[in-house]
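With this note's numbering applied, the sequence shown covers 97 to 288. We put the CB at the ideal spot given by N, CA and C, even for glycine. From a predicted model like this one, the values you see are computed outputs, not experimental measurements. One structure is given below, encoded as structure tokens.
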Amino acid sequence: AGTALQACDLGGVAQGQKVLITGASGGVGSYAVQLAKSLGAEVTGVCSASKADLVRSLGADHVIDYAKNDFADGGQHYDVIIDIAGNPKLARLRHALTRTGTAVIVGGEEGGNVTGGFGRSLRAPFVSLFVGQRLAMLASKERASDLERLTPLIEAGKVTPSVDRTYPLAQVPDAMRHLEAGKARGKLAITI
97 AGTALQACDL GGVAQGQKVL ITGASGGVGS YAVQLAKSLG AEVTGVCSAS
147 KADLVRSLGA DHVIDYAKND FADGGQHYDV IIDIAGNPKL ARLRHALTRT
197 GTAVIVGGEE GGNVTGGFGR SLRAPFVSLF VGQRLAMLAS KERASDLERL
247 TPLIEAGKVT PSVDRTYPLA QVPDAMRHLE AGKARGKLAI TI
């Protein structure tokens with residue numbers, strides 16, 4: 097939940113804003129949907145069709161099936177995009193932002209070779225220097241202040257973990273395969 101909170105903070109998510117979250121059904125994305133909604137944003141989640149009901153249940157107002165629709169081609173413009181999936185090119189993110197919107201890149205990307213999957217994240221701040229939009233990279237850190245802010249939201253039931261499956265410690269390789277296959281809906285828990 098801390099990474100999602102830091103992404104919302106970096107994006108400046110506020111009441112009345114339109115917020116798009118890619119990877120909305122994953123571990124970080126499921127928290128980002130709930131947090132953006134609790135901040136009063138109109139939330140659109142991007143996920144597969146099989147995970148759309150989960151994302152709606154987390155509070156998303158709208159869901160886009162990435163296999164059928166490209167969020168950047170829908171004609172909607174968002175104040176904040178929190179990109180957790182790591183697939184859209186910077187140009188696609190910028191196309192879907194308002195003229196002064198913010199895109200927060202929360203992870204690496206597929207296919208990175210020289211830059212280890214972080215080429216897009218490293219380019220984003222430089223592109224921001226030349227456009228009206230803000231493109232930011234999040235390097236999440238554990239902070240006690242985040243836990244203090246999350247506690248009342250958790251106690252009030254506004255933020256709840258979405259646990260897809262629980263694995264015993266001996267089955268961590270199976271859990272990793274499930275995660276890498278893109279099948280996880282929320283978090284995976286390991287019992288010790």
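ask   = In the structure shown, what three-state DSSP assignment does residue 191 receive?
value = Of the three classes helix, strand and coil, the one that applies to residue 191 here is helix, per DSSP.
message = Within 10 Å of its beta-carbon, does residue 195 have 16 or more other beta-carbons around it, so buried, or fewer, so exposed?
response = Looking at its Cβ environment, which holds fewer than 16 other Cβ atoms inside 10 Å, residue 195 is exposed.
key: Whole-angstrom distance between residue 265 and residue 125, CA atom to CA atom   = Their Cα atoms are separated by approximately 24 Å.
ask   = Distance, Cα to Cα, residue 276 vs residue 178?
value = Going by the C-alpha atoms only, they are around 21 Å apart.
task = Tell me whether residue 233 counts as near the ligand GDP, meaning its Cβ is closer than 7 Å to at least one heavy atom of that ligand.
result = Although the ligand GDP was asked about, the structure shown includes no ligands whatsoever.
inquiry  = According to DSSP, is residue 251 part of a helix, a strand, or is it coil?
reply    = If DSSP states are grouped into helix, strand and coil, residue 251 belongs with the helices.
request  = Ignore the nearest five residues each way along the sequence and tell me which others in residue 246's own chain have a CB closer than 8 Å to its CB.
outcome  = So the qualifying residues of the chain are 97, 98, 101, 255.
Coarse secondary structure for residue 162, derived from DSSP in three states = DSSP places residue 162 in coil when its eight states are reduced to three.
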